[in-house]
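Residues in the sequence shown are numbered consecutively from 0, following numbering that gives the first Met the number 0.
Even for Gly, the Cβ is constructed at its ideal location relative to N, Cα and C.
Down below is the structure, laid out as structure tokens.
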Amino acid sequence: MSFRRAPFSSMVQQHTFFQSNPGRPVSRFSPFSNQRSHISSSSVVSCSLKPQTPMYLRPATFRAELSELKRWHLWAESLASSVGSSFLVQDNGPDSTLLLRELNWLIEDAVETPEALSSNSHADGTAVSLRACLDDLYSLWKQRIEVRRPFQYLVGCQHWRDLVLGVQEGVLIPRPETELIVDLVSDAFKKDYQLRNGVWADLGTGSGALAIGLARVLSPSALVVAVDLSPVAV
0 MSFRRAPFSS MVQQHTFFQS NPGRPVSRFS PFSNQRSHIS SSSVVSCSLK
50 PQTPMYLRPA TFRAELSELK RWHLWAESLA SSVGSSFLVQ DNGPDSTLLL
100 RELNWLIEDA VETPEALSSN SHADGTAVSL RACLDDLYSL WKQRIEVRRP
150 FQYLVGCQHW RDLVLGVQEG VLIPRPETEL IVDLVSDAFK KDYQLRNGVW
200 ADLGTGSGAL AIGLARVLSP SALVVAVDLS PVAV
């Protein structure tokens, strides 16, 4: 199994986490899941709500023995495999193949040295650094299988176009189809350059995906305003 991550250059806008991912060799969309353009956010933000930092950006402050991590991995694989195609038949949900792929992504985000799981040695006593404690990893994967919590909410992010966007409950997960809107706008600009001027509004911005995508296309002349009433949106 592969746990390779493409390099990222970090960009943080207010309390929204998003990163450029120019390599983007493999889309991580799960279906059951130096620019001068300005982005203005008009969300109503509650001070009691804290944005969730995407798991892969958290410091690896937790430790676990490699043997314990491998035991969790075997349990998680078994749980995913037990699903088979039952979710797919029931409501077109994820099958075991997709869930096992998501498990690899979770390991990639949560384990500082995920390649350690690929070794054949049990390495008793060897410690591994984690970005979430082992108990949380058990809990998160149970949530994914037993209550079908979207994978993007487990890890706190969604890969969209060449970006990685922070998402959490209360924010809709951007879908690949939304990328077509940015492509349509880009094509329109090529036909009429004047469309780049003025103010563009993304009403109900949620994760900010459209606003960020449009701002990158509109650079450097336009102003993009992102508006949402939700306290957990951008």
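Let me know if residue i comes out buried or exposed under the rule of 16 or more other beta-carbons within 10 Å of its beta-carbon.
i, result
"Q151", "buried"
"Q193", "exposed"
"G205", "buried"
"A225", "buried"
"P113", "buried"
"G203", "exposed"
"R130", "buried"
"S42", "Only weak support is given to the placement of S42: the predicted model assigns it a pLDDT of 37, under 50, and the value that follows is read from those uncertain coordinates. Buried, by the Cβ-count rule."
"D201", "buried"
"V25", "Unreliable positioning characterises V25 in this predicted model, as indicated by a pLDDT of 42, which lies under 50. A coordinate reading is not provided."
"V163", "buried"
"G165", "buried"
"V82", "buried"
"V146", "exposed"
Taking residue i as the reference, which of the options has the closest Cα?
i, options, result
"L78", "I180, L139, S206", "L139"
"R57", "D108, P93, F86, I172", "D108"
"V110", "L98, L217, A126", "A126"
"P149", "G212, L87, P219, P93", "P93"
"I106", "S218, L217, E76, T96", "E76"
"L102", "A200, N91, L68", "L68"
"G212", "Q167, E178, S66", "E178"
"H72", "S117, Y55, T96", "S117"
"S66", "L162, E145, G124", "G124"
"S95", "P219, Q167, I144", "I144"
"W74", "S128, L87, N91, D134", "D134"
"S128", "R70, A59, L98, D161", "A59"
Per DSSP, residue i forms a beta bridge with which residues?
i, result
"D201", "A225"
"G64", "Residue identity check: residue 64 is Glu in the sequence provided, not Gly. According to DSSP, E64 bridges with A126."
"W159", "L162"
"V154", "BP columns for V154 are empty, so no partner."
"V110", "L129"
8 Å is my cut-off, CB to CB: does residue i come that close to chain B?
i, result
"M54", "No chain B is present in this structure, which holds just one protein chain."
Suppose you measure from the CA of residue i to the CA of residue j; what does that come to, to the nearest Å?
i, j, result
"L228", "V198", "20 Å"
"P21", "W159", "Residue placement at P21 cannot be trusted, given a pLDDT of 44 that sits under 50; what the coordinates show is reported in the next sentence. One C-alpha to the other measures close to 11 Å."
"R215", "D191", "17 Å"
"Q89", "Q142", "18 Å"
"C156", "V231", "14 Å"
"F61", "L136", "11 Å"
"S47", "I180", "Unreliable placement is indicated for S47, whose pLDDT of 46 sits below 50; the coordinate value is still reported in the next sentence. So the two alpha carbons sit approximately 34 Å from each other."
"E64", "A221", "52 Å"
"S85", "F188", "46 Å"
"V184", "R195", "10 Å"
"L217", "P53", "27 Å"
"Q51", "G169", "12 Å"
"C132", "N119", "23 Å"
"R100", "S80", "11 Å"
"A115", "D186", "45 Å"
"L87", "P219", "45 Å"
"D182", "D161", "13 Å"
(message) Under 8 Å, with one C-beta from each stretch per pair, do the region 203-219 and the region 170-186 reach the 3-pair mark?
(response) With the cut-off at 8 Å, the region 203-219 and the region 170-186 touch.
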